[in-house]
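Report on the structure given below.
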Amino acid sequence: MSRTRVVEPWLAGPLEHFVSESGARLTLILTPAGQVLAQHGFTRAVDVMSAAALASGIAASTGELARLLEEGEFRALSHESQRHGVFLARFTSPRGPLLALVVYGYDSSIGLVQLFFEELVADLAAAAPAPTPRAPVLAADFERELNESLATLFR
Amino acid sequence: MTDRLQEVLDRVTRVRGVRGVLLVGVDDGLVVADAVMEGVRANAVAALAASLVQRMARATGTSGIGQPGFLHLEAERGALLMLAVRERLVLVAVAEPGVNVGLVRLELLRGGAEVR
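Going down the list, the sequences are from chains H and A.
All residue numbers for the first sequence refer to the numbering used here, where the first residue is 2 and numbers rise by one.
All residue numbers for the second sequence refer to the numbering used here, where the first residue is 1302 and numbers rise by one.
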């Protein structure tokens, strides 16, 4: 059974390909604001929400650091521990800027993750449907959409 | 150190039929130094070769024959030659078909001795 869940169907193919090639254990694709669009490997909604909030916060902090250093932006950062590595990258898609959070184990490497992440970005760019104008976000809609997204991610 | 590494790699690339040589970290699959011709994707070769070496090490370890020292992978349009030079580093040569494997291996061994 696939452990990949997506809010929008066009994300599924590229994400599944990335996971199978890179050996990633957990992957999240989210907006810089922390809205999750796709996930692989998570089994509990609370873990996804925590990881998304942390990834979004880290991206915002490093983005602010980059601004202070008069850098354009930090594209990716990685941390390695003994059993796991974490890769967090910001990329541009036809749907706007997105973040990818990848957790990998000893059976993969940062080199493999970086390599197949480049492919993921290209695959997502090719798979994304044409952008459609979005209606203004209302608080009531936001909560409903958030609940629907979480339900989809853990169907 | 960087100049010496580059010299080591350049010497291997002088063997006819060698399209590139890389020094790669086995654990992270990242390029430490490289000398490759146009068309050889150094990052991709490094990441995938390191993954291969890790898997081979698991296979040889499980078989009770220790760590792999030298790997020769012959493909349709060339060959990959990999030499473990330190515990966690590997020298990788990308070669054309018909390359003198013995000579490349010799140069990799010489280079590996200097990297150590």
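For every residue, glycine included, the Cβ atom is placed at its ideal position computed from N, Cα and C.
Residue-chain proximity (residue i, chain H), Cβ-Cβ < 8 Å
| i | result |
| --- | --- |
| D1311/A | no |
| G1362/A | no |
| A1380/A | no |
| D1335/A | no |
| N1344/A | yes |
| L1392/A | no |
| F1351/A | Inspection of the sequence shows that residue 1351/A is occupied by Ala rather than by Phe. Output row for A1351/A: interface = yes. |
| A1348/A | yes |
| L1331/A | yes |
| D1304/A | no |
Residue i versus residue j: straight-line alpha-carbon distance, rounded
| i | j | result |
| --- | --- | --- |
| R1312/A | A13/H | 46 Å |
| E17/H | R1305/A | 42 Å |
| S79/H | F118/H | 13 Å |
| G106/H | V1395/A | 28 Å |
| P95/H | A1351/A | 33 Å |
| T5/H | T44/H | 10 Å |
| L1310/A | D1335/A | 7 Å |
| T93/H | V122/H | 8 Å |
| I1366/A | V1346/A | 26 Å |
| E160/H | F19/H | For chain H, the structure presents residues 2 to 156; residue 160/H sits outside this window and is missing. |
| V1386/A | E9/H | 47 Å |
| L1384/A | F1371/A | 5 Å |
| G58/H | A131/H | 29 Å |
| V47/H | L66/H | 28 Å |
is_contact[residue i, chain A] using C-beta, thresh 8 Å
| i | result |
| --- | --- |
| I59/H | no |
| S82/H | no |
| S110/H | yes |
| L89/H | no |
| L78/H | no |
| L121/H | no |
| L125/H | no |
| L116/H | yes |
| L31/H | no |
| L113/H | yes |
Beta-bridge pairing of residue i - partner residues as DSSP gives them
| i | result |
| --- | --- |
| H1373/A | L1382/A |
| R1315/A | BP columns for R1315/A are empty, so no partner. |
| P1398/A | According to DSSP, which records beta bridges pairwise, P1398/A is partnered with nothing at all. |
| A101/H | I30/H and A90/H |
| V1391/A | V1325/A and A1385/A |
Bounding residues of the beta strand (DSSP E) (the contiguous stretch that carries residue i)
| i | result |
| --- | --- |
| V114/H | No beta strand (DSSP E) holds V114/H; the alpha helix (DSSP H) holding it covers I111 to A128. |
| Y107/H | It is not in any beta strand (DSSP E) - Y107/H carries neither H nor E in the DSSP assignment. |
| R91/H | G86 to S94 |
| R6/H | T5 to V7 |
What are the uninterrupted segments assigned as alpha helix (DSSP H) that are 4 or more residues long and contained completely in the segment 13-82 of chain H, given in chain order? If only complete runs of 4 or more residues are kept, the segment 13-82 of chain H shows the alpha helix (DSSP H) at 13-23 and 46-69, in order along the chain.
Complete runs of the beta strand (DSSP E) confined to the segment 1328-1371 of chain A [at least 3 residues]: Counting whole runs of 3 or more residues, the segment 1328-1371 of chain A contains the beta strand (DSSP E) stretches 1332-1337.
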